Amino acid sequence: MECSTRSWKVEDAGDLAVALNNKKILDNLRDGLPYPYTVEDGRAFIEAMLGDDENKTYPFAITVNDKAVGSIGVFRKDNIHCKTAEMGYYIAEPYWGQGIGTSAVKQVCNYIFEKTDIIRIFAEPFAHNVASCRVLEKAGFAYEGTLRKNAVKNGNVLDMKIYSIIKV
Ligand SMILES: CC(C)(COP(=O)(O)OP(=O)(O)OC[C@H]1O[C@@H](n2cnc3c(N)ncnc32)[C@H](O)[C@@H]1OP(=O)(O)O)[C@@H](O)C(=O)NCCC(=O)NCCS
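The sequence shown lines up with residues 1 to 168 when you count with my numbering.
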């Protein structure tokens, strides 16, 4: 399925809330997102993203026919890692398995390497998150290793994997 990536609009808040009201998604993300996730939470997220430093935070809605079906963001690190950025993403469950995650990751990496001075983008999925690892592999990321016991999620100590893609 064809998808695009574009800037967030406040009107996307409702679609964002629909996507994020799903434990299967939240269980694969960092802690801190409200559950249930309301339209007001979505609006606050979008407003925060739109107000953030545009040289540090690169947030995009993933859209199908201009409807927001997911979120992808690239976040620049600081100090000696100032040309390194972390990527995070999720897709609304009805849209899984149609190549949207892979396409969005590729689109945003291309944008970042063309438009910014970032030279390395990395992602750290939970080791058991096969779909996310597969997305990264399909998008050209290299597996760099397993971060053992690197997180506590829902009371469980979990390994994470680290993948990166480098500007050539
Ligand atoms: C991870 C996620 C973004 C993938 O999005 P998507 O649009 O379904 O991804 P794609 O369709 O591009 O690719 C998914 C790949 O994973 C594979 N996959 C999915 N579940 C799998 C499983 N349980 N075992 C093996 N492979 C699996 C699919 O077959 C596909 O690979 P293929 O094209 O070789 O067949 C989506 O599942 C999601 O939002 N998950 C919850 C949030 C999340 O995990 N975010 C990432 C945090 S690091």
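All C-beta atoms, glycine included, are put in the ideal place defined by N, C-alpha and C.
Quick caveat, the model's predicted, so the values are computed rather than measured.
Would you kindly report the start and end of the unbroken beta strand (DSSP E) that includes residue i?
i	result
residue 33	That residue, residue 33, is in no beta strand (DSSP E); it is neither H nor E in DSSP.
residue 25	First-last for residue 25: 23-26, but that is the alpha helix (DSSP H), not the beta strand (DSSP E).
residue 85	84-91
residue 4	4-6
Assuming residue i and residue j make a contact with CB atoms under 8 Å, what is their CB distance in whole Å?
i	j	result
residue 60	residue 7	7 Å
residue 163	residue 123	5 Å
residue 58	residue 73	6 Å
Figure out for me which residue from the options has the closest Cα to the Cα of residue i.
i	options	result
residue 54	76, 136 and 107	76
residue 166	20, 24, 84 and 152	84
The alpha helix (DSSP H) spanning residue i covers which residue range?
i	result
residue 102	100-115
residue 14	13-20
Would you say the beta carbon of residue i is closer than 7 Å to some non-hydrogen atom of ligand 1?
i	result
residue 146	no
residue 97	yes
residue 100	yes
residue 165	no
residue 135	yes
residue 129	yes
residue 25	yes
residue 88	yes
Check the DSSP bridge columns for residue i and list the partner residues they point to.
i	result
residue 160	126 and 147
residue 58	74
residue 166	120
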